[in-house]
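A.B. asks:
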Amino acid sequence: MQRTSTTPTPDAVHDEPVSPQSLRASSGSLGDTLLSLCARGSAILVILMLAALLIVVFVQAWPSIRSSGLSFLTSSEWRANSLERPVLGPDGKIVFKDGEMLTETVPPTFGALPVIYGTAVSSVLALVVAVPFSFGTALFLIRVAPKWKISTPVSFLVEFLAAIPSIAFGIWGLFVLAPFLAQHVEPAIKTVLGPVPGLGWLFFETVELGGETVTREIPLTGRDLFCGSLVLAIMVIPIITAVSRDVLRAVPRAQIEGTIALGATWWQSCWSMLHYSRSGLFGAVMLGLARAAGETMAVTMVIGNNMQIRASPFLPAQTMSSLMANEFAEASDAGHRAALLNVALILLLMSLFFNIIARWLVVGGKSRSSMAH
Amino acid sequence: MIRSERLRRGASSLMYAVCVTFALSIIIILAFITAYLVSIGFSSLTTEFFTEIPTGDINNPGGMKHAILGTLTLLGMASVVGIPLGVLVGVYLSEYAADRWLPGPVRFIADVLAGVPSIVVGILGYELIVVPMGRFSGYAGAFALAFIMIPIVARTTEEMLRLVPHSYREASMGLGATKSQTILRVILPSATGSIVTGVMLAMARIAGETAPLLFTALGSRLMPDDAGQPFPSLTVQIYTYAVGPYEAQRKLAWAGMLVLIAILFLLNLLIRFLTSRSIRRA
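Just so you know, the protein sequences line up as chains A and B, in that order. Each residue of the first sequence is one higher than the last, beginning at 1 in this note's numbering. Each residue of the second sequence is one higher than the last, beginning at 1 in this note's numbering.
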């Protein structure tokens, strides 16, 4: 059924003034109705997807939220199994009754502070390494590479590496980087920084051992927070580089030419570019942060997976996502599963927060597809 | 005055050198990682890798035929659902942008969904499909992958449709075509090349995903015959072998990594080829 005349047919006349929009809608065929229904339906599906994600994770995490509340965020003890331990009397000695040791059962306890700490420290360390390298490479791609005619191959390499799966970085980190760090880099750092007063906590830790406090040397294994941060840095560098390159490319040519005409040196003109696009660059960093905080496989393979908060980066740690990768499949107990979902909820909300900030800053109202990785 | 001028130029040269050094070291590090993965993968690659399934013998572990087929099947199942839905959302965002309140939030949510950690999507697949079904299954894995795919396909499709000149729409409408005819016969065909690019970008992304499959498809040592059962995939098999203690299995993991990267690289080249062709045509 096609339109033959632009005059409104009688059934299209409404009380409202006739706009071209309503004209088109009234004369639409069955195909039009069907397609617009399908398109609108799938658009609503996208909203439902986010709603499902939030609702399902929240509902499953509810038992844990109800029982531990905000203390979930501040408690640092994570024990999935109930513990049987001897009862200690007021004098600190084990209590015996009828010649048998009295025991009490401690229920499982869940606190998310160690994984929040692990995620925060590993992501921030990764960004500290990645951001200077990424901005430097982006400036190189915009201001240096075109002159040498290598902009395209380098861009291709950066974009291809952004597409390499995280498990590839994980397996490389586990079998190449971690042993290399353990044998060469970490001992070297220790020789340099070890004697510096005030930095002893990097290489020594104080532990309670059989009632007495001893200070012992940390074994350098390579599978630790430091290695996890380095692998994360290598993984987010291609993303931050690609986005900040696009952001810097959007700096108007007149801006750059103006600085040079005013006698700025190469670096001063670059600095004015960085300054001009600072909010977009901050958005690029936020995207990197969101990626680093949500990254699972590579971190799980190299971070050592230890649920304790310990000061030195040369000790194993755990992040929110690596905790889920390690424990979710084996969590048979309802309380344990709810606690893991609670961690998933924190991770989800955190990544939504970073992504929303990044989108506001980089896209700034306009839409750009480079955001979708 | 002259001293400060020299300082200014010195600082500029220094920062120039720093930028070049940073870029070169990044290129070298990333090229080194890729070269290492490729070379060790090649030395571990055998013909059995493509023709056999795991034997259970730790010294002679067989191949990953099941995992390659499993990954391809999962990709296919996720695409059958994810591509049409994603393209429809893209069509909506681009062609029904006059709608009053829906397009803005939908675009925003699609962007946000593209950044959700994939392990959380895996957990959603577990709660929505694995728990009701009572077992891990290929369907749950495909669900998680499609979930990741839809926002990416939607946003790239929207971008590509927006590049179609507005005169096409006006000409089509002017010739008396309805809106659906315009979209289906004029706009979508003229953007097909670039939509295919976006689709392949999304496929490359989900082909390398491990985390969402851990709690949904789980992985298996058998041929992927029944999607209602635990389902093998390259990435999960690589992970299982890599963190395991056996040397022969680790070699298989390296070989699997090479095959996966080769698949992604071919996809990437194809994307570049299609993009350059569609840009030349436009």
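C-beta atoms are modelled at their ideal positions from N, C-alpha and C, and glycine is treated no differently.
1. Taking only runs of the beta strand (DSSP E) that begin and end inside the stretch 70-103 of chain A, which ones reach a length of at least 3 residues, in chain order?
2. How far does the alpha helix (DSSP H) with VAL121 of chain A in it extend, from its first residue to its last?
3. DSSP has GLY194 of chain A in a bridge; who is on the other side?
4. Straight-line CA distance for LEU83 of chain A to PRO107 of chain A?
5. With respect to the alpha helix (DSSP H) encompassing VAL285 of chain A, which residues constitute its N-terminal and C-terminal limits?
6. In the DSSP output, what is VAL207 of chain A paired with across the bridge?
7. Quick one, which residues of the stretch 48-60 of chain A are near chain B if we go by CB-CB under 8 Å, in chain order?
8. Can you give me, in chain order, the residues of the stretch 251-270 of chain B that have a beta carbon less than 8 Å from any beta carbon in chain A?
9. Taking one C-beta from the stretch 17-37 of chain B and one from the stretch 135-147 of chain A each time, how about it: are there three or more such pairs within less than 8 Å?
10. I need the straight-line Cα distance from LEU232 of chain A to PHE175 of chain A, nearest angstrom please.
11. Quick check on PHE340 of chain B: does DSSP put it in helix, strand or coil?
12. Which same chain residues, not among the five before or five after ARG24 of chain A, have their C-beta less than 6 Å away from its C-beta?
13. Using a Cβ-Cβ cutoff of less than 6 Å, which residues in the same chain neighbour ASN59 of chain B once the five nearest sequence positions on both sides are dropped?
14. Whose CA, out of B:ILE261, B:ASN268, B:LEU266, lies closest to the CA of ALA35 of chain B?
15. Can you have a look at GLU95 of chain B and say buried or exposed, based on whether 16 or more other CB atoms are within 10 angstroms of its CB?
16. Threshold first: 4 residues or longer. Then list the alpha helix (DSSP H) segments lying entirely within the stretch 64-123 of chain B, N to C.
17. Measuring alpha carbon to alpha carbon, tell me which of B:LEU7, B:LEU45, B:THR71, B:MET173 ends up nearest THR210 of chain B.
18. Short of 7 Å Cβ to Cβ, which residues in the stretch 2-26 of chain B face chain A?
19. Please tell me whether SER229 of chain A has its Cβ less than 8 Å away from any Cβ of chain B.
20. Starting from TRP266 of chain A, find everything on chain B with Cβ-Cβ shorter than 7 Å and list it in chain order.
21. If we define contact as Cβ-Cβ less than 8 Å, is MET297 of chain A a contact residue for chain B?
22. Which residue's Cα is closest to the Cα of ARG374 of chain A: A:VAL46, A:PRO146, A:LEU102?
23. So, with DSSP's three-state summary, where would you put LEU163 of chain B?
24. How many angstroms separate the CA atom of ARG223 of chain A from the CA atom of TYR16 of chain B?
25. Identify the continuous alpha helix (DSSP H) that holds ASP32 of chain A and give its terminal residues.
26. Give me the Cβ distance between TYR168 of chain B and SER194 of chain B, rounded to the nearest whole Å; I'm assuming they're in contact under 8 Å.
27. Look at the alpha carbon of VAL153 of chain B and the alpha carbon of ALA182 of chain A, and state the distance between them as a whole number of angstroms.
28. Quick one, which residues of the stretch 120-131 of chain B are near chain D if we go by CB-CB under 8 Å, in chain order?
29. Determine the extent of the alpha helix (DSSP H) in which SER229 of chain A is found, giving its start and end residues.
30. Since TYR239 of chain B is in the alpha helix (DSSP H), which residue starts that stretch and which ends it?
31. From the DSSP secondary-structure annotation, give me the bridge partner or partners of ALA317 of chain A.
C.D. replies: In short:
1. The stretch 70-103 of chain A contains these whole beta strand (DSSP E) runs: 83-86.
2. Looking up residue 121 of chain A in the first sequence gives position 121. Where VAL121 of chain A is concerned, the enclosing alpha helix (DSSP H) stretches over 113-139.
3. Taking the first sequence and counting its residues from 1, one reaches residue 194 of chain A at position 194. In the DSSP output, where bridge partners are listed per residue, GLY194 of chain A has none listed.
4. In the first sequence, counting from the first residue as 1, residue 83 of chain A sits at position 83. In the first sequence, counting from the first residue as 1, residue 107 of chain A sits at position 107. Answer to the nearest angstrom: the Cα atoms are 7 Å apart.
5. Locating residue 285 of chain A in the first sequence gives position 285, where the first residue counts as 1. DSSP places VAL285 of chain A inside the alpha helix (DSSP H), whose first and last residues are 278-294.
6. In the first sequence, residue 207 of chain A corresponds to position 207, counting from 1. In the DSSP assignment, the residues bridged to VAL207 of chain A are A:VAL214.
7. Per Cβ criterion, the list reads MET49, LEU50, ALA52, LEU53, VAL56, VAL57, GLN60.
8. ALA253, TRP254, MET257, LEU260, ILE261, LEU264, PHE265, ASN268
9. Proximity of the stretch 17-37 of chain B to the stretch 135-147 of chain A meets the contact definition, three or more beta-carbon pairs being nearer than 8 Å.
10. Start at 1 with the first residue of the first sequence, and residue 232 of chain A comes out as number 232. Start at 1 with the first residue of the first sequence, and residue 175 of chain A comes out as number 175. Between LEU232 of chain A and PHE175 of chain A, the C-alpha separation is close to 16 Å.
11. Because chain B here runs from 1 to 282, residue 340 of chain B falls outside it and cannot be looked at.
12. Your numbering for residue 24 of chain A matches position 24 in the first sequence. Low per-residue confidence applies at ARG24 of chain A: pLDDT is 48, beneath 50, and the placement is therefore not dependable, though the value from the model is reported in the following sentence. Result list for ARG24 of chain A: empty, nothing under 6 Å.
13. Counting from one through the second sequence, the residue named residue 59 of chain B turns up at place 59. So the qualifying residues of the chain are ALA248.
14. Counting from 1 along the second sequence, the entry for residue 35 of chain B is found at position 35. Ranking B:ILE261, B:ASN268, B:LEU266 by CA distance to the CA of ALA35 of chain B puts B:ILE261 first.
15. For the purposes of this step, residue 95 of chain B is identified with residue 95 of the second sequence, where counting begins at 1. So GLU95 of chain B counts as buried.
16. 65-95, 103-114
17. Locating residue 210 of chain B in the second sequence gives position 210, where the first residue counts as 1. It is B:THR71 whose Cα lies nearest to the Cα of THR210 of chain B.
18. Within the stretch 2-26 of chain B, the residues whose Cβ lies closer than 7 Å to some Cβ of chain A are ARG8, ARG9, ALA11, SER12, MET15, TYR16, VAL18, CYS19, VAL20, PHE22, ALA23, ILE26, listed in chain order.
19. Here residue 229 of chain A corresponds to residue number 229 of the first sequence, with the count starting at 1. Output row for SER229 of chain A: interface = no.
20. Mapped onto the first sequence, residue 266 of chain A falls at position 266. SER12, TYR16, listed in chain order.
21. Taking the first residue of the first sequence as 1, we reach residue 297 of chain A at position 297. Cβ-Cβ to chain B under 8 Å: yes for MET297 of chain A.
22. The structure shown has nothing for residue 374 of chain A, since chain A only spans 1 to 373.
23. Within the second sequence, numbered from 1, the residue matching residue 163 of chain B stands at position 163. Looking at LEU163 of chain B - three-state DSSP - the assignment turns out to be coil, as it is neither helix nor strand.
24. The residue labelled residue 223 of chain A in the question sits at position 223 within the first sequence. The residue labelled residue 16 of chain B in the question sits at position 16 within the second sequence. Taking the CA atoms as reference points, ARG223 of chain A sits about 35 Å from TYR16 of chain B.
25. The residue given as residue 32 of chain A occupies position 32 in the first sequence. Residues 30-68.
26. The count along the second sequence starts at 1 and reaches residue 168 of chain B at position 168. The count along the second sequence starts at 1 and reaches residue 194 of chain B at position 194. 14 Å between Cβ atoms; not a contact.
27. Along the second sequence, read from residue 1 onward, the residue named residue 153 of chain B stands at position 153. Along the first sequence, read from residue 1 onward, the residue named residue 182 of chain A stands at position 182. Spanning the two alpha carbons is a distance of roughly 42 Å.
28. Looking at the structure shown, chain D is missing, and the protein chains on hand are A and B.
29. Within the first sequence, numbered from 1, the residue matching residue 229 of chain A stands at position 229. Segment 225-249, the alpha helix (DSSP H) holding SER229 of chain A.
30. For the purposes of this step, residue 239 of chain B is taken as residue 239 along the second sequence, with counting starting at 1. It spans 234-243 - the alpha helix (DSSP H) in which TYR239 of chain B sits, taken as one unbroken run.
31. As a position in the first sequence, residue 317 of chain A is number 317, starting the count at 1. Beta-bridge pairing links ALA317 of chain A to A:GLY304.
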